[in-house]
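Worksheet for the structure shown next.
In full-length UniProt numbering, the protein residues as written are 1 to 149.
What follows is the structure, given as structure tokens:
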């Protein structure tokens with residue numbers, strides 16, 4: 001795994017959760033997706049509805065990863081019997097960068113769980129990171145920093 005020497009572009013999303021669905025919004029308003037968890041009672045499949053047809057690949061990746069990770073956080077919290085706050089949120093930044101002549105991705109994930117003790121929140125996020133297929137796919141392949149804020 002190579003570290004990015006020069007960041008060319010960063011796609012950012014802010015994702016929130018509710019009982020039945022989440023939402024992800026890109027920082028430049030080009031990405032505005034409605035997200036649903038698989039098997040959701042109101043939406044049996046993922047529903048992605050782009051408000052603007054031209055989001056970046058980095059924003060799409062951040063949005064998809066955040067939808068998966070926020071669902072995994074819910075599963076991990078349920079298994080650990082932790083009540084999640086209604087204002088649970090994820091901020092994911094996906095960098096497209098270069099090292100030498102090669103292109104690479106990098107990621108920063110900030111998880112906000114107001115009202116949940118930091119140690120418990122970190123345990124939930126760690127368990128969710130182990131469950132999430134996007135986290136599994138990127139592990140060891142790109143530089144990822146996960147922070148509970």
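Just so you know, even glycine gets a beta-carbon here, dropped at the ideal spot from N, CA and C.
Considering only the beta carbon of each residue, do residue i and residue j sit closer than 8 Å?
i	j	result
residue 73	residue 125	yes
residue 67	residue 15	yes
residue 147	residue 110	yes
residue 113	residue 96	no
residue 94	residue 130	no
residue 138	residue 107	yes
Name, in chain order, the residues that DSSP records as bridge partners for residue i.
i	result
residue 99	102
residue 91	14, 110
residue 145	108
residue 124	Answer is none; residue 124 lacks a bridge partner.
residue 136	In the DSSP output, where bridge partners are listed per residue, residue 136 has none listed.
residue 61	Paired residues: none, contrary to the question.
residue 7	97
Use the C-beta contact count for residue i: other C-beta atoms within 10 angstroms, 16 or more gives buried, fewer gives exposed.
i	result
residue 13	buried
residue 69	buried
residue 7	exposed
residue 86	exposed
residue 11	buried
residue 90	buried
residue 135	buried
residue 156	Nothing in the structure corresponds to residue 156, since the chain is present only between 1 and 149.
residue 9	exposed
residue 92	buried
residue 17	buried
Quick check: is the beta carbon of residue i nearer than 8 Å to any beta carbon in chain C?
i	result
residue 88	Protein chains in the displayed structure number just one, and chain C is not present.
Q) Counting pairs of beta carbons, one from the stretch 85-103 and one from the stretch 126-136, are three or more of them closer than 8 Å? A) They do not touch, by the three-pair rule.
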